[in-house]
Every structure is written in C-alpha cells, then in structure tokens.
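Structure, as structure tokens:
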Amino acid sequence: MESDDGTLTEAHALSKWCKLLREAAVKLGRPYIPTKDLKGIIGKVGFTSIVETRFKWPSNCWPKDKKYKDLGAWNNENTNLVLESISLAPLTRGLDWTIEEVNVLLVDVRKELNDPNIHAYGQFAQFMEGNQKFEEGYASNAVAAECYSCVNNFDPGS
Numbered sequence: 001m002e003s004d005d006g007t008l009t010e011a012h013a014l015s016k017w018c019k020l021l022r023e024a025a026v027k028l029g030r031p032y033i034p035t036k037d038l039k040g041i042i043g044k045v046g047f048t049s050i051v052e053t054r055f056k057w058p059s060n061c062w063p064k065d066k067k068y069k070d071l072g073a074w075n076n077e078n079t080n081l082v083l084e085s086i087s088l089a090p091l092t093r094g095l096d097w098t099i100e101e102v103n104v105l106l107v108d109v110r111k112e113l114n115d116p117n118i119h120a121y122g123q124f125a126q127f128m129e130g131n132q133k134f135e136e137g138y139a140s141n142a143v144a145a146e147c148y149s150c151v152n153n154f155d156p157g158s
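Here the sequence shown stands for residues 1 to 158, numbered as in full-length UniProt numbering.
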C-alpha cells in the first residue's frame, strides 16, 4: 500500500502490516515481486512487445470520483473479509507471531484501512504481448514452465 499525498506513512499500522507480510514471505521462501519488476520478468522468458497498464486500487471510498470511490468501497470490503486469513499464516509461520499478536495488529490495520482520511491504494498491473492473444503466449508448456521458474527465482538486483 502507498499514497501519493503523504496520508499513509511508515508509522501507520497499515504500512507496518505490508512490510511484515513482505518480510514473512521472504522467510517462507516466497517473496512478493513488486509490480515494477514484473515487466522485466516477462521479458526474460521471451516476450518482446510487452504492453503494461498500471492501476491504482483505492483502499476505501476516499476518492472523489464516483468510479474510484465505488472501486475503493469494493476493494475495502474484499480486503476486510480476507485480512485475517491472508495475515495469519505468513505472520505466525514466517515470523513466529502468536495468533493474538496478529489479531492485535489487525485491529489497527482495520481502523486505518477503513479511514477515508488515509488515501492509500494498492498498485496493480496488467501485461499483454503486443497484439498477441494471451493464450498464444502460453501455447508451449515449456514457456509456462520457464516463466514459473523465472518468477520464483527472480533476483531484483540482477
């Protein structure tokens, strides 16, 4: 999660939660790959005319524009529904937290997630290979296997 106007800072529980999930994912051997790095990964498996479209999904109904306000409300509802389930395994298995510790953190995360004064959003991206249909890019199982291997062994420093 991030914000463009400084209403979400590193001091917020929401930011700490995101950071903790990333740390846990690394410890569990399944690091998150930032959307900014995905185009390079897709290029490594042979796609050459990659069209990237980025999206900002608001964390709640803070936007003024009706379309994004509705998207934020929808995203907020979905996130609230899965917040505990997407937090428990990484934080208890990856960082050795107790269930109680996770639930204490999530109280503050929920408050901030639902606060329209925090203009947070998640960054999402869609990738297409030029004019090629998506299915054509995965016509070969070898290509799919190579992509899977590349994603799971990706080193952002390379």
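Backbone N, C-alpha and C fix where the C-beta goes; we use that ideal spot for every residue, glycine too.
In this text the structure is predicted, and so the values were computed from the model without any measurement.
Judged by their CB atoms, L20 and L91 are nearer to each other than the 8 Å cut-off. Straight across, the Cα-Cα distance linking D115 with N76 is about 10 Å. By the criterion of at least three beta-carbon pairs nearer than 8 Å, the stretch 111-127 is in contact with the stretch 1-15. For T92, the three-state secondary structure derived from DSSP is helix. Within the stretch 50-99, the runs of beta strand (DSSP E) that reach at least 3 residues and sit entirely inside it are, in chain order, 50-58. Cβ contact annotation for E23 (same chain, cutoff 8 Å, sequence separation greater than five): G94 and L95, in chain order. A residue is called buried when at least 16 other Cβ atoms come within 10 angstroms of its Cβ; N60 meets this threshold and is buried. Between L83 and the set K56, L71, E112 and V51, the nearest pair of CA atoms involves E112. In this structure, the CA atom of G40 is about 22 Å from the CA atom of M1.
Where E23 is concerned, the enclosing alpha helix (DSSP H) starts and stops at A13 to K27.
Only exposed fits W74, as fewer than 16 other CB atoms lie within 10 angstroms of its CB. In this structure, DSSP gives G46 a state outside helix and strand, which the three-state scheme calls coil. Annotation: the continuous beta strand (DSSP E) that includes A125 extends over Y121 to E129. About 6 Å separates the CB atoms of I50 and F127; that is less than 8 Å, so the two are in contact. Straight through space, the alpha carbons of A89 and G72 are spaced by roughly 26 Å.
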